[in-house]
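So the structure is just underneath, and the comments pick up after that.
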Amino acid sequence: MTRLPPTASQTVGPFFHDALMRPDARCDVLVSDTTEGKRIRVEGRVLDGDGAGVPDAVIEIWQANHHGRYNHPSDTRDLPLDPAFTGYGRIATQSDGKFCFTTIKPGPVPFDRRRSQAPHISVAVLGRGLLNHLYTRIYFDDEQLTTVDPVLQRVTPDRRPTLIARRDNNASGRDKVYRIDIVLQGANETVFFEIAGQ
Amino acid sequence: MSTTTIGEIIRGDAEVFPPYLYEAYKSTIRRAPTRALVEVPLTLSELTGPGPTISAVTPDDADLTRNAGTGGEAMGQRIIVTGRVLDASGAPVSKTLVEVWQANAAGRYIHRRDQWPAPLDPNFLGIGRCHTNEKGEYRFLTVMPGAYPWRNHENAWRPAHIHFSLFGNSWASRLVTQMYFAGDPLLPLDPIFNSAPTERARAGMIAAYAHDVTEPEWALGWRWDIVLDGPDATTFEPPRVESQP
Chain A
0 MTRLPPTASQ TVGPFFHDAL MRPDARCDVL VSDTTEGKRI RVEGRVLDGD
50 GAGVPDAVIE IWQANHHGRY NHPSDTRDLP LDPAFTGYGR IATQSDGKFC
100 FTTIKPGPVP FDRRRSQAPH ISVAVLGRGL LNHLYTRIYF DDEQLTTVDP
150 VLQRVTPDRR PTLIARRDNN ASGRDKVYRI DIVLQGANET VFFEIAGQ
Chain B
0 MSTTTIGEII RGDAEVFPPY LYEAYKSTIR RAPTRALVEV PLTLSELTGP
50 GPTISAVTPD DADLTRNAGT GGEAMGQRII VTGRVLDASG APVSKTLVEV
100 WQANAAGRYI HRRDQWPAPL DPNFLGIGRC HTNEKGEYRF LTVMPGAYPW
150 RNHENAWRPA HIHFSLFGNS WASRLVTQMY FAGDPLLPLD PIFNSAPTER
200 ARAGMIAAYA HDVTEPEWAL GWRWDIVLDG PDATTFEPPR VESQP
């Protein structure tokens with residue numbers, strides 16, 4: 000049958016906070032005391048082509064739980080769901096472009112029947128000046144699988160670091176801290192994705 | 000708009016989705032990526048998504064004329080906005096969260112960054128949400144939003160619009176867009192609307208007056224269907240086997 004054309008995207012605009020960042024819709028802390036896995040904090044800034052912080056962006060994240068299981072009916076694998084974890088977050092940037100969220104390190108998920116993907120967090124970036132949201136991923140520099148991740152292999156080696164969060168060994172506190180910036184444009188521009196079939 | 004610089008980087012169908020760089024919309028100039036997008040195949044990360052897990056909603060959430068919590072009703076022309084959310088195969092996308100926001104009847108947002116001298120309405124927040132039902136239908140009661148000036152260029156006014164945010168069934172089906180109203184004279188002048196590359200893509204963002212939705216002595220009806228991109232709304236598909244790249 001003929002497929003319907005999708006509806007076009009438009010910018011989220013500058014006035015979304017009251018609607019999208021309601022107390023029960025915002026989520027920068029994805030964990031509770033009973034969530035399984037290693038707690039981590041991911042921090043960074045969203046930057047524009049001038050290197051300036053983007054104060055009016057929102058990032059959304061989606062990830063598997065500690066076991067590598069997604070909380071979604073399409074993931075039917077025999078791995079435990081964690082009732083204390085949905086895997087979704089929504090975080091608005093601060094006036095200097097900073098974002099910060101607390102979650103657990105996701106387990107690896109399959110790429111195909113033979114290979115795994117390295118632990119990663121899927122990210123969508125929305126904001127004024129973005130006519131369509133941007134997709135990217137966050138990987139971790141202390142995960143061995145990162146160097147052989149099949150999706151990262153599709154990125155030219157010089158650009159892979161833009162997707163790999165660096166562990167901050169000087170950070171104190173109970174959570175491991177990782178740092179990564181999301182650079183919309185410019186010299187260290189983050190790799191953004193096109194999802195196949197669209 | 001025909002003489003603006005338009006970038007080559009587009010995500011999704013190039014006949015539908017705006018390019019990231021559309022210079023007539025000035026904020027894109029420093030925020031549009033300049034490097035080609037890298038293709039990621041449909042793995043479980045893209046096939047799953049937060050759609051089914053997002054927060055519960057109440058009926059009040061869908062009534063923007065009364066959900067400011069003041070006990071009063073919003074000023075302006077009362078309208079019903081309804082339609083279906085579908086996937087590209089035409090199947091309904093049910094139980095998906097639809098979040099909306101808009102200016103009031105005078106064209107003013109409650110957001111503290113909107114400071115143009117149009118009056119605020121103490122009985123109107125301009126915020127709503129609902130879940131689509133089994134047929135993929137959403138329905139809001141609100142007031143017709145006013146146009147608002149935005150300084151993008153000389154004498155720049157956004158056409159009346161309602162912001163829509165939808166998840167759909169997968170990470171790939173996420174859509175943030177704006178609904179416009181048929182017959183609005185500001186549409187040909189608006190760079191954001193005109194960033195959509197074809198007449199068909201632009202027409203797909205415009206709601207039609209629907210007299211069959213209009214309720215006598217109550218509210219005018221507007222209908223707008225939304226088609227989400229991404230894999231079809233069939234669940235329980237096993238992960239696809241990826242062939243050697």
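So the sequences go chain by chain: A and B. Just so we're aligned: 106 in numbering that gives the first Met the number 0 is position 107 of the first sequence, and the numbers increase by one with no gaps anywhere. Just so we're aligned: 133 in numbering that gives the first Met the number 0 is position 134 of the second sequence, and the numbers increase by one with no gaps anywhere. Don't be surprised by glycine CBs; every beta carbon is placed ideally from N, CA and C. What you are looking at is a predicted structure, and each value in this text was computed from that prediction instead of being measured.
Chain-order list of residues whose beta-carbon lies under 8 angstroms from that of residue i (same chain, five-residue window excluded)
i, result
"B:Tyr179", "Pro158, Ala159, His160, Leu186, Phe192, Met204, Ile205, Ala206"
"A:Ala51", "Gly96"
"A:Leu144", "Pro107, Ser115, Gln116, Ala117, Pro118"
"B:Phe163", "Val97, Glu98, Val99, Leu174, Val175, Thr176, Gln177, Met178, Ile225"
"A:Ile194", "Tyr134"
"A:Val20", "First, the amino acid is wrong: residue 20 of chain A is Met here, not Val. Counting only Cβ-Cβ distances below 8 angstroms, and skipping sequence neighbours, we find Val57, Arg89, Ala91."
Cβ pair residue i, residue j closer than 9 angstroms
i, j, result
"B:Ala31", "B:Gly11", "no"
"A:Arg159", "A:Tyr177", "no"
"B:Ile109", "B:Gly135", "no"
"B:Tyr19", "B:Ile8", "yes"
"A:Tyr134", "A:Ser121", "yes"
"B:Val99", "B:Leu227", "no"
"A:Phe15", "A:Val53", "no"
"A:Gly196", "B:Gly70", "no"
"B:Tyr21", "B:Pro148", "no"
"A:Gly48", "A:Leu162", "no"
"B:Val39", "B:Glu45", "yes"
"A:Lys175", "A:Arg76", "no"
"A:Arg102", "A:Val190", "Here residue 102 of chain A turns out to be Thr, not Arg, going by the sequence shown. For A:Thr102 and A:Val190, no; Cβs fall outside 9 angstroms."
"B:Asn168", "B:Asp113", "no"
"A:Ala170", "B:Ile53", "no"
"A:His71", "A:Pro105", "no"
"A:Gln62", "A:Gly86", "yes"
Cβ-Cβ separation, residue j to residue i (assumed contact under 8 angstroms), whole Å
i, j, result
"A:Ala45", "A:Ile179", "A quick correction: the sequence has Val, not Ala, at residue 45 of chain A. Between A:Ile179 and A:Val45 the Cβ distance is about 11 angstroms, and since that is not below 8 angstroms, they are no contact."
"A:Pro79", "A:Arg68", "6 angstroms"
"B:Leu43", "A:Pro109", "6 angstroms"
"B:Gly68", "B:Ala104", "The pair is not a contact, with the Cβ atoms about 19 angstroms apart (cut-off 8 angstroms)."
"B:Phe166", "B:Thr95", "6 angstroms"
"A:Thr155", "A:Phe84", "Incorrect: roughly 34 angstroms between the Cβ atoms, too far for contact."
"A:Ser73", "B:Thr47", "5 angstroms"
"B:Asp231", "B:Ala90", "6 angstroms"
"B:Pro17", "B:Pro196", "7 angstroms"
"A:Pro13", "A:Asp55", "5 angstroms"
Same chain only: Cβ atoms within 6 angstroms of residue i, ignoring 5 sequence neighbours per side
i, result
"A:Asn131", "Ser8"
"A:Asp17", "none"
"A:Leu125", "Val11, Val57, His132"
"B:Val306", "Because chain B in this structure spans residues 0 to 244, residue 306 of chain B falls outside the shown range and cannot be described."
"A:Glu188", "Val182"
"B:Thr27", "Leu20, Tyr21"
"A:Asp148", "Gln116, Ala117"
"B:Ala155", "Trp149"
"A:Leu202", "A question about residue 202 of chain A goes unanswered here, because the residues of chain A that appear run from 0 up to 197."
Sequence-distant residues of the same chain with beta carbon closer than 7 angstroms to residue i, five excluded per side
i, result
"B:Arg222", "Thr81, Gly82, Ala206, Ala207, Ala209, Val212"
"A:Gly128", "Thr10"
"A:Arg113", "none"
"B:Pro49", "Phe166"
"A:Arg2", "none"
"B:Asn151", "Tyr24, Lys25, Pro190"
Residue from the options whose Cα sits closest to the Cα of residue i
i, options, result
"B:Ala171", "A:Ala51, A:Asp49, A:Thr1, A:Ile60", "A:Ile60"
"B:Ala61", "B:Thr197, B:Trp156, B:Gln177, B:Gly127", "B:Gly127"
"B:Ala146", "B:Pro121, B:Trp115, B:Phe123, B:Phe163", "B:Trp115"
"B:Ser194", "B:Arg112, B:Ala181, B:Ala218, B:Gln177", "B:Gln177"
"B:Ala73", "B:Pro148, B:Arg107, B:Ser93, B:Glu22", "B:Arg107"
"B:Phe215", "B:Trp156, B:Asn154, B:Ile79, B:Glu14", "Correcting the residue type first, residue 215 of chain B is Pro in the shown sequence and not Phe. Answer by Cα proximity: B:Ile79."
"A:Ala123", "B:Leu119, B:Arg173, B:His152, B:His130", "B:Arg173"
"B:Glu133", "B:Pro121, B:Val92, B:Asp86", "B:Val92"
"A:Cys99", "A:Leu3, A:Ala164, A:Glu188", "A:Ala164"
"B:Ala218", "B:Arg77, B:Ala35, B:Ala55", "B:Arg77"
"B:Arg34", "A:Asp74, A:Gly86, A:Asp157", "A:Asp157"
"B:Arg29", "A:Gly185, A:Glu193, A:Pro13, A:Tyr138", "A:Gly185"
"B:Gly220", "B:Ala117, B:Gln101, B:Ala181", "B:Ala181"
"B:Thr131", "B:Ala55, B:Thr3, B:Pro17, B:Asp231", "B:Ala55"
"B:Phe123", "B:Thr4, B:Gln101, B:Ala13", "B:Gln101"
"B:Glu246", "B:Ser88, B:Leu188, B:Ala202", "Here chain B covers residues 0 to 244 and nothing more, so residue 246 of chain B does not appear."
"A:Asp141", "A:Val150, A:Asn168, A:Asp55", "A:Asn168"
"A:Thr6", "B:Ala13, B:Cys129, B:Asp120", "B:Ala13"
Under 8 angstroms: do the stretch 132-149 of chain B and the stretch 53-73 of chain B share three or more Cβ pairs, one atom per stretch?
The stretch 132-149 of chain B is in contact with the stretch 53-73 of chain B.
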